[in-house]
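Student: Position in the sequence shown (first residue = 1) + 1342 = this note's numbering. A virtual CB, placed ideally from N, CA and C, is assigned to each residue, including glycine. Below is a structure I'd like to ask you about.
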Amino acid sequence: MSDWTEKYRPSTLSELRGNDKARDTLREWGQTWDEHGEAAIVHGSPGIGKTSAAHALASDMGWDVVELNASDSRTKDDIERLAGRAVKNTTLGESGKQLIIVDEADNFHGNVDRGGSRAVTSIVREAGQPMVLIANDFYEMSNTLRNACREIEFRDISARSIVPVLRDVCRKEDIEFEQEALSAIAESNSGDLRGAVNDLQALAQGRTELQAEDVVTGQRDRTNGVFDYLDTVIKKADAEGALKASYDVDETPDDLINWIEDNMPKDYEGRELARAYDFLANADRWLGRVRATQDYSYWRYAGDNMTAGVAAARGGEKGGWTRYGPPSYWSKLGRSRGTRQKRDYVARKVAEHLGVSMATARRDVVPHLAAMTHHCKNRELTVAMTARYDLDAEHVAFVTGSGEDTNKVQDIVDDAERLREDAAVEHSEGAFEGGRAGATDDGTDDRNEDTEATATADGTDGSDDRDGQATLAANAGSEESDGEPGEAEPGEEETGADDQQSGLGDFV
């Protein structure tokens, strides 16, 4: 069965439901583009029709379309190769216009993405073709990029506007329906038109008629439903029951996998835990495909693995009561602006040092740092992390979960400052570059071979205060070697600079 959200995507702006003001503004922007030449930023919550509106505009204007996803093409070279070439092409199509759609444009983060944000800003200012940037969070984009574009905000769609869309789909699919059934679906999706159509398709499978009572079990309780569901999937239900129970939970697969992953180890152990993690890993791969392709039909495969798979991994029913809670990572990130600023500061520092995007740093690295430095129990590692990423007390407290004003955190910040000062004095050894040779004034490496040989022979560099990189490398290697932490195995050379330069090996 084809995905109804794609099958019934509006082909013209007149078919777009809800956001009439934003729709008219987008139409006016397109019709007058030759006069102003500006790019547009269309922003709002997921699932409300932003990308569909851009495609519908292109159809109305007779423009060709080129799509670029910011999550896939982030570097300056990618942007200039794909978007830059297109916006300067004035000979394509009968209209001579080509609409450049940049999806997930709020995923550009300046220098962290190696010039991607600057490249887009430069292109939108010099564009010879109309360009629409699609974003969920307008304020995640740089000020320079926002100021270079016209802002068009799409708001959540009311249930009253969603119902006619569901009604049209039912008629085209020859499904009889009760009005109350469609109203219930619309109300339960809180402004998400795409989610409402997906729910309709899930409920209509195998049916020729949809009644209100068919939708009752699909009504979602956002506050308590998820805890009841965790109890069901982790302790009681078989694979089929767990999958059906997931339909009642008002959580997207992206969020639901975090709930399950964080609470599953409270009841699972041994082989059943390992099997369950295999299914979660498969689910995460499908979610990655959704993010890469924006094809939300893959959600069903992610849901199968994280629900039916996790339930099937259980050896038998579990008894007793378990205190489930929201994902611990969420509690650290929070939803306040202050918390997001701390999160982004840490992610930016990590991304700069590791050469990854901020999204990767937030998602894949910071949670590991939080786990390894929890409450500053591994003090040496926490000091080295603080020094390496130049963190203040508030950022150390954010990552470790400790109180910002505690003596423990303040002492760590002070020690990290001393470590940075010592590293500056001994910069010839590349204090935070994993033993990298010092650079001379002309920019070339000038390693003292005799000093290196001596350090290798006696196992020490002659300094009482090893840099943060060496301390972390010693901690990371202590569980993998039969010798003392930080010692090289007989017959092996010490880790080279190329192996440690990125710093990723220190933390994961």
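Do you know offhand how far D1332's Cα is from L1552's?
Tutor: Shown here, the chain extends from 1343 to 1850; a query on residue 1332 therefore has no answer.
Student: Assuming contact is defined by CB atoms lying nearer than 8 angstroms, are M1648 and I1576 in contact in what I supplied?
Tutor: Reading the sequence shown from its first residue, position 306 is the one you call residue 1648. Reading the sequence shown from its first residue, position 234 is the one you call residue 1576. Not in contact: M1648 and I1576 (Cβ atoms no closer than 8 angstroms).
Student: Quick check: what's the CA-CA separation for D1597 versus A1382?
Tutor: The residue you call residue 1597 lines up with position 255 of the sequence shown. The residue you call residue 1382 lines up with position 40 of the sequence shown. One C-alpha to the other measures close to 30 angstroms.
Student: In the DSSP assignment, the beta strand (DSSP E) including N1624 goes from what residue to what residue?
Tutor: Indexing the sequence shown from 1 puts residue 1624 at position 282. Run containing N1624: none in the beta strand (DSSP E); it sits in the alpha helix (DSSP H), 1612 to 1635.
Student: Quick check: the region 1641 to 1655 against the region 1615 to 1627, are there 3 or more CB pairs under 8 angstroms?
Tutor: The region 1641 to 1655, when compared against the region 1615 to 1627, does touch it at the 8 angstroms Cβ threshold.
Student: Taking the CB atoms as reference points, tell me whether A1396 and V1474 lie closer together than 8 angstroms.
Tutor: Translated into positions along the sequence shown, residue 1396 becomes position 54. Translated into positions along the sequence shown, residue 1474 becomes position 132. It is a contact, given that the beta carbons lie within the stated cut-off.
Student: With DSSP run on the structure shown, which of helix, strand or coil describes V1591?
Tutor: The count along the sequence shown starts at 1 and reaches residue 1591 at position 249. Correct three-state label for V1591: coil.
Student: For my contact list, V1605 and L1572 are in at a C-beta cut-off of 8 angstroms; report their separation, rounded to the angstrom.
Tutor: Position 263 of the sequence shown, counting from 1, holds the residue named residue 1605. Position 230 of the sequence shown, counting from 1, holds the residue named residue 1572. Residue identity differs from the one stated: residue 1605 is Asn in this sequence, not Val. With 8 angstroms as the limit, N1605 and L1572 qualify as a contact, their Cβ atoms being about 5 angstroms apart.
Student: Suppose the cutoff is 8 angstroms on Cβ atoms and the five residues either side in sequence are ignored; what does the same chain contact list for S1401 look like?
Tutor: Position 59 of the sequence shown, counted from the start, is the residue given in the question as residue 1401. Excluding positions up to five away in sequence, the list reads S1353, T1354.
Student: Check each candidate in A1765, S1588, E1357, R1762 and name the one with the smallest Cα separation from D1510.
Tutor: Numbered from its first residue, the sequence shown carries residue 1510 at position 168. Measuring from the Cα of D1510, the nearest candidate turns out to be E1357.
Student: DSSP puts V1507 in a beta bridge; with which residues?
Tutor: For the purposes of this step, residue 1507 is taken as the residue at position 165 of the sequence shown. According to DSSP, which records beta bridges pairwise, V1507 is partnered with nothing at all.
Student: With a threshold of 8 angstroms, are at least 3 pairs of Cβ atoms found where one atom belongs to the region 1746 to 1765 and the other to the region 1687 to 1699?
Tutor: The answer is no - the region 1687 to 1699 does not touch the region 1746 to 1765, with fewer than three Cβ pairs under 8 angstroms.
Student: Using only alpha-carbon positions, find the residue among A1587, K1514, A1655 that is nearest to R1613.
Tutor: Position 271 of the sequence shown, counted from the start, is the residue given in the question as residue 1613. When only C-alpha atoms are compared, the closest one is A1655.
Student: Measure the alpha-carbon distance for D1445 versus P1709 and round it to whole angstroms.
Tutor: Locating residue 1445 in the sequence shown gives position 103, where the first residue counts as 1. Locating residue 1709 in the sequence shown gives position 367, where the first residue counts as 1. One C-alpha to the other measures close to 26 angstroms.
Student: For the beta strand (DSSP E) containing R1492, name the first residue and the last one.
Tutor: Position 150 of the sequence shown, counted from the first residue, corresponds to residue 1492. Run containing R1492: 1491 to 1495, per the beta strand (DSSP E) assignment.
Student: Look at the alpha carbon of R1549 and the alpha carbon of E1348, and state the distance between them as a whole number of angstroms.
Tutor: If you number the sequence shown from 1, residue 1549 lands on position 207. If you number the sequence shown from 1, residue 1348 lands on position 6. Taking the straight line joining both Cα atoms gives about 21 angstroms.
Student: In this structure, does DSSP put Q1440 in helix, strand or coil?
Tutor: Locating residue 1440 in the sequence shown gives position 98, counting from the first residue. In the structure shown, Q1440 sits in a strand (DSSP, three-state: E or B).
Student: Closest by CA to D1590, which one among F1569, K1578, K1608?
Tutor: Residue numbering aside, residue 1590 sits at position 248 when the sequence shown is read from its first letter. Looking at the Cα atoms, F1569 is the closest of the given residues.
Student: Based on the DSSP output, what are the partners of L1542 in its beta bridges?
Tutor: Position 200 of the sequence shown, counting from 1, holds the residue named residue 1542. According to DSSP, which records beta bridges pairwise, L1542 is partnered with nothing at all.
Student: On a Cα-Cα basis, can you pick out the residue from S1530, N1531, L1508 that is closest to E1520?
Tutor: As a working mapping, residue 1520 is identified with position 178 in the sequence shown. For the residues S1530, N1531, L1508, the minimum Cα distance to E1520 belongs to L1508.
Student: Report buried or exposed for H1378, applying the criterion of at least 16 other Cβ atoms within 10 angstroms of its Cβ.
Tutor: Reading the sequence shown from its first residue, position 36 is the one you call residue 1378. That one is exposed.
Student: With DSSP as the reference, label L1524 as helix, strand or coil.
Tutor: Taking the first residue of the sequence shown as 1, we reach residue 1524 at position 182. DSSP places L1524 in helix when its eight states are reduced to three.
Student: Leaving out five residues before and five after G1657 in sequence, what residues of the same chain have Cβ atoms less than 7 angstroms from its Cβ?
Tutor: Here the question's residue 1657 lines up with position 315 in the sequence shown. Contacts found: E1614.
Student: In whole angstroms, give me the CA-to-CA distance for I1754 and M1714.
Tutor: On the sequence shown, residue 1754 is found 412 positions in, with the first residue counted as 1. On the sequence shown, residue 1714 is found 372 positions in, with the first residue counted as 1. Each residue's alpha carbon lies about 15 angstroms from the other.
Student: Are the beta-carbon atoms of G1533 and S1699 separated by less than 8 angstroms?
Tutor: Here residue 1533 refers to the residue found at position 191 when the sequence shown is read from its first residue. Here residue 1699 refers to the residue found at position 357 when the sequence shown is read from its first residue. Against a cut-off of 8 angstroms, the Cβ pair of S1699 and G1533 comes out as no contact.
Student: Kindly identify the DSSP beta-bridge partner or partners of I1476.
Tutor: Taking the first residue of the sequence shown as 1, we reach residue 1476 at position 134. Answer is V1384.
Student: Can you name, in chain order, every residue of its own chain whose Cβ lies under 7 angstroms from the Cβ of D1580, other than the five neighbours on each side?
Tutor: On the sequence shown, residue 1580 is found 238 positions in, with the first residue counted as 1. Around D1580: A1653.
Student: Output yes or no for whether 8 angstroms exceeds the beta carbon distance between F1496 and K1392.
Tutor: Position 154 of the sequence shown, counted from the first residue, corresponds to residue 1496. Position 50 of the sequence shown, counted from the first residue, corresponds to residue 1392. Taking 8 angstroms as the Cβ cut-off, F1496 and K1392 qualify as a contacting pair.
Student: With distance defined between alpha-carbon atoms, name the residue in E1555, A1729, A1735, A1739 nearest to H1716.
Tutor: As a working mapping, residue 1716 is identified with position 374 in the sequence shown. Checked all of E1555, A1729, A1735, A1739; the closest Cα to H1716 is A1739.
Student: Should I1390 and L1629 be called a contact, given that it needs their Cβ atoms to be closer than 8 angstroms?
Tutor: Start at 1 with the first residue of the sequence shown, and residue 1390 comes out as number 48. Start at 1 with the first residue of the sequence shown, and residue 1629 comes out as number 287. Taking 8 angstroms as the Cβ cut-off, I1390 and L1629 do not qualify as a contacting pair.
Student: Any heavy atom of the ligand COA closer than 7 angstroms to the Cβ of Q1440?
Tutor: The model on display carries no ligand, and the ligand COA is accordingly not part of it.
Student: Out of A1701, K1750, V1707, which one is the CA nearest neighbour of E1722?
Tutor: As a position in the sequence shown, residue 1722 is number 380, starting the count at 1. Looking at the Cα atoms, K1750 is the closest of the given residues.
Student: How close, in whole Å, do the beta carbons of V1407 and L1441 come, if the pair is a contact with beta carbons under 8 angstroms?
Tutor: Counting from one through the sequence shown, the residue named residue 1407 turns up at place 65. Counting from one through the sequence shown, the residue named residue 1441 turns up at place 99. Indeed they touch by this definition, with Cβ atoms about 5 angstroms apart.
Student: Should L1399 and R1351 be called a contact, given that it needs their Cβ atoms to be closer than 8 angstroms?
Tutor: Here residue 1399 refers to the residue found at position 57 of the sequence shown. Here residue 1351 refers to the residue found at position 9 of the sequence shown. No, these two residues do not count as a Cβ contact at 8 angstroms.
Student: Starting from the N-terminal side, write out each stretch of the beta strand (DSSP E) that is 3 residues or longer and does not extend beyond the region 1681 to 1733.
Tutor: Qualifying beta strand (DSSP E) stretches: none in this window.
Student: Taking buried to mean at least 16 other C-beta atoms within 10 Å of its own C-beta, is G1372 buried or exposed?
Tutor: The sequence position of residue 1372 within the sequence shown is 30, counting from 1. By the neighbour-count rule (16 or more Cβ atoms within 10 Å), G1372 is buried.
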